[in-house]
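Asker: Take this structure first; my questions come after.
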Amino acid sequence: MHRCEWLSVAVAAVLLFTSINSAKAESQTETECSMISGMYVSLRDNNNVTLGNREWETELLGFAQQHGFNYLIFYDIENIANQPARAAHLAGLIERAKNEFNIIQIGAALGSKRAARNILKFNQQYRHLARIDVLNLEFEFWNLRSEQGAFEQAIDLLNNFREVAQQQQLLTEVYIGWISAEQGKALAGAVDRILVHYYRHNSDNILSYGQERLRYLASAEQQVNIAPIFSNEGPDNTADPGGYFMGPWLNENALGDAFEQWQREFQAINAPWKHQLSVFGSVWFLYNHFADITDLRGNANSGTHSQKCLSNMQSPQNTP
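Residue numbers (mature numbering (1 follows the signal peptide of the UniProt record, and there is no 0)): -25 to -1, 1 to 295.
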């Protein structure tokens, strides 16, 4: 074989090897994705200064990294676009979280159309890495006296959130407590992700707590992205001392145990409707209460899954 022919064959072999490995890496990227491990965070921490307080911010981000959280949902930023100093601090915190502490998404807990527009305005003022990624609706329609009217208001808010989100390719999300079958079907088509509360004292038979809610969501006959919410409230940091949740339990159990038990029970469900639900992770309420737990241990992050890559997660409005 002539030298030039040998070189041509060698180059072709290298290119083929590179192509195969690139395809393999791309395939792994598409199928192996971090599950969301979320945590609500109040930016009014007992009236202490939070945004712009470097020590407080570092403690928050270090805690998130140490315990495997990769998604933060911030309260108290509804009017952030009209507060230049706070906005600059928030943008810096978000960018630092994503650059240095393995945070992949930031959400804003909101309750009005005006607040959603303010997040859009905030995002327009800062570069991509410093932006909010998720509009999270906080509106407890099931606790209001006129529940049906309140639910209609919630759907109206979600429709507005979706319109706002489309302008910047954001995700929409809602937290729910109790729903009817009709409400579950309506919610499934109105939002990208649904957080379902499991506010219990412990993890015993945790999925049986309102399991019908999952069936209601699945009845829409479309893929619905869900995640359970657990609460770390204890008797000393809740407005309802008789209704505290997993705060005391966390002194004796690892942080990830609740979600692991929930997953085991979910996987044991033998019903066709289960396949309409895609579990994208779990969420804890509230970062500010974790300081009251004397022996917090474990990791909230449950590793990888192959259901759906976060970067490729489609909104219902964008699905063919």
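Note that the Cβ used here is the ideal one computed from N, Cα and C, for glycine as well.
1) Sorted by chain position, which residues of the same chain lie with C-beta nearer than 7 Å to T213's C-beta, five sequence neighbours on each side aside?
2) Which value, in whole angstroms, describes the spacing of the CA atoms of E157 and Y191?
3) Considering only the beta carbon of each residue, do Q197 and A163 sit closer than 8 Å?
4) Count the other CB atoms within 10 Å of the CB of D211; is the residue buried (16 or more) or exposed (fewer)?
5) Between which two residues does the beta strand (DSSP E) harbouring Y15 extend?
6) Is it the case that the segment 90 to 106 contacts the segment 53 to 63, given that we only count it when at least three CB pairs across the two stretches are under 8 Å?
7) Output yes or no for whether 8 Å exceeds the beta carbon distance between S9 and N45.
8) Rounded to whole angstroms, what is the Cα-Cα separation between H64 and A243?
9) What first and last residue would you give for the beta strand (DSSP E) that runs through L112?
10) In whole angstroms, give me the CA-to-CA distance for L261 and A161.
11) With respect to the alpha helix (DSSP H) encompassing F234, which residues constitute its N-terminal and C-terminal limits?
12) Going by other Cβ atoms of all chains shown within 10 Å of its Cβ, with 16 needed for buried, is G82 buried or exposed?
13) By the DSSP assignment, the beta strand (DSSP E) with P210 in it spans what residues?
14) Might you give, ordered along the chain, the residues of its own chain that have their beta carbon closer than 8 Å to the beta carbon of T269, omitting 5 neighbours on each side?
15) If you follow the beta strand (DSSP E) that F49 is in, where does it begin and where does it stop?
16) Just verifying my parser: in three-state terms, what is the DSSP assignment at R188?
17) Could you give the residue range of the alpha helix (DSSP H) that holds V166?
18) Since A202 and R272 are thought to touch, with beta carbons under 8 Å apart, how far apart are those beta carbons, to the nearest angstrom?
19) Using DSSP bridges, identify the partner residues of L85.
20) Hey, E240 and I181 are a contact pair by Cβ (cut 8 Å); roughly how many whole angstroms apart?
21) How about V24 and L47: do their beta carbons lie closer than 8 Å?
22) Roughly how many angstroms separate the alpha carbons of Q186 and R29, rounded to a whole number?
23) Is DSSP giving I25 helix, strand or coil here?
24) Per the DSSP calculation, V139 is bridged to which residue(s)?
25) What do you reckon, are the CB atoms on Y150 and N111 nearer than 8 Å?
26) So, with DSSP's three-state summary, where would you put T33?
27) Confirm, please, whether the CB-CB distance from V199 to L146 is below 8 Å.
28) Just list the residues that DSSP pairs T147 with in beta bridges.
Answerer: Looking at the coordinates:
1) Y219
2) 7 Å
3) yes
4) Counting C-beta atoms within 10 angstroms of its own C-beta, D211 has fewer than 16 neighbours from the protein chains shown and is therefore classed as exposed.
5) It spans 11 to 16 - the beta strand (DSSP E) in which Y15 sits, taken as one unbroken run.
6) yes
7) yes
8) So the alpha carbons of these two residues sit roughly 45 Å apart.
9) For L112, the enclosing beta strand (DSSP E) has its first and last residue at 109 to 112.
10) The alpha-carbon separation between L261 and A161 amounts to approximately 28 Å.
11) 232 to 242
12) buried
13) Counting along the chain, P210 falls outside any beta strand (DSSP E), and DSSP gives it neither H nor E.
14) These residues qualify, in order along the chain: N226.
15) Here the beta strand (DSSP E) through F49 covers 46 to 49.
16) helix
17) Run containing V166: none; DSSP gives neither H nor E here.
18) That pair is no contact at about 22 Å.
19) DSSP, once it has assigned bridges, lists L112 as partnering L85.
20) 7 Å
21) no
22) 42 Å
23) The sequence as given places Thr at residue 25; Ile does not occur at that position. It is coil, neither helix nor strand.
24) BP columns for V139 are empty, so no partner.
25) Between Y150 and N111, the gap from beta carbon to beta carbon is short of 8 Å.
26) T33 falls in the helix class under three-state DSSP.
27) No, Cβ-Cβ distance for L146 and V199 is not below 8 Å.
28) L110
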